[in-house]
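In the numbering used here, the protein residues as written are 703 to 961. Glycine included, C-beta positions come from ideal geometry on N, C-alpha and C. This report concerns only the one structure given below.
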């Protein structure tokens, strides 16, 4: 049995280019890009998904992967995967920024820890809320929906030299304003209540100068913040983050031509 160069090139490209798009998602999407997930497992998972997806791909360019057009196609596939993961990362950044706003008002801005996903230091409150949001995302099957959209994208945005356009990139960047707005909307009730408590403490200090504001104010602000997080903040996470995730999945579908 003999195989031509064109047949071998087609077989290699049919696996290699889907692997590049999937790999771009794995290095940028929340949960999949977490540092607790070893790189080898991510590579094996990307290869397994590529093996399952490539039989469903109708058309693969007859281009050598190591040629100039082949490298351009590879870069486009990686950018598509990274764009999908980056948008979902912006969605999870909403809960981190909202937690930072509340933590600083509580007086816990100094209590930070390293975020395993991004590698930067974030307040403990943000890390706690991020864990809740991640568990909620997994329980809703968000990671499975993301993989489903990725598999469907090979139909509407097939493998080729043409990938994401300038308009697509601007649309992704413009969603950054939604991230800041979402964080403010989620944290504004807690910020308002904690601000009123701080104003009350300021009035008490003016009325009773001998009052040790540090021995009274910090425990009161801290306790009030914890109660607010438990009663107001956490119950609002499913509704608020659910709306953000829905808008992100819709945006990803629009960019990939699925909507």
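Which residues in the same chain as residue 810 place their Cβ atom closer than 8 Å to its Cβ, once the five residues preceding and following it in sequence are excluded?
Excluding positions up to five away in sequence, the list reads 825, 826, 827, 924 and 927.
Contact between the region 849-858 and the region 903-913: three or more CB pairs below 8 Å?
The region 849-858, when compared against the region 903-913, does not touch it at the 8 Å Cβ threshold.
Is residue 780 helix, strand or coil by DSSP?
Residue 780 falls in the helix class under three-state DSSP.
Starting from the Cα of residue 834, find the closest Cα among 868, 808, 843 and 797 and give me that residue.
Answer by Cα proximity: 797.
Among 802, 782 and 903, which has the Cα closest to the Cα of residue 917?
Nearest of 802, 782 and 903 to residue 917, Cα basis: 903.
Does DSSP put residue 824 in a helix, in a strand, or in coil?
Residue 824 falls in the strand class under three-state DSSP.
So, at 6 Å on beta carbons, what are the nonlocal neighbours of residue 935 in its own chain, with the 5 sequence-adjacent residues on each side left out?
Closer than 6 Å at Cβ, skipping near neighbours: 892.
Between which residues of its own chain and residue 778 is the CB-CB distance below 6 Å, once the five residues before and five after are set aside?
The answer, listed in chain order, is 865.
Considering only residues of the same chain and omitting the five flanking positions on each side of residue 788, which have a CB-CB separation below 6 Å?
The residues are 730.
Could you check where the alpha helix (DSSP H) with residue 935 kicks off and where it finishes?
That residue, residue 935, is in no alpha helix (DSSP H); it is neither H nor E in DSSP.
Quick check on DSSP: helix, strand or coil for residue 862?
If DSSP states are grouped into helix, strand and coil, residue 862 belongs with coil.
Below 7 Å CB to CB, which residues in the same chain sit around residue 793 once its five sequence neighbours on both sides are set aside?
Excluding positions up to five away in sequence, the list reads 946, 947 and 950.
Measure the Cβ-Cβ separation of residue 732 and residue 791 and say whether it is below 8 Å.
A contact, by the Cβ cut-off of 8 Å.
Where does the unbroken alpha helix (DSSP H) through residue 901 begin, and where does it stop?
Note, residue 901: alpha helix (DSSP H), 868-909.
Grab me the residues of residue 957's own chain with a C-beta within less than 6 Å of its C-beta, minus the 5 sequence neighbours each way, in chain order.
The residues are 870.
Which residues in the same chain as residue 745 place their Cβ atom closer than 6 Å to its Cβ, once the five residues preceding and following it in sequence are excluded?
So the list is empty, once near-sequence residues are dropped.
Note the first and the last residue of the continuous alpha helix (DSSP H) segment covering residue 751.
741-755 is the span of the alpha helix (DSSP H), which, as asked, contains residue 751.
For residue 800, which option in 886, 932 and 721 has the closest C-alpha, if you only look at C-alpha atoms?
Considering only alpha carbons, the answer is 886.
Could you tell me the distance, in whole angstroms, from the CA atom of residue 940 to the CA atom of residue 769?
Rounded to the nearest angstrom, the two C-alpha atoms are 48 Å apart.
Three-state secondary structure (DSSP) at residue 717?
Residue state, collapsed to three classes: helix.
Counting only the same chain and skipping the five closest in sequence on each side, list residues whose C-beta sits under 7 Å from that of residue 959.
Within the same chain, residue 959 has close Cβ partners 858 and 859.
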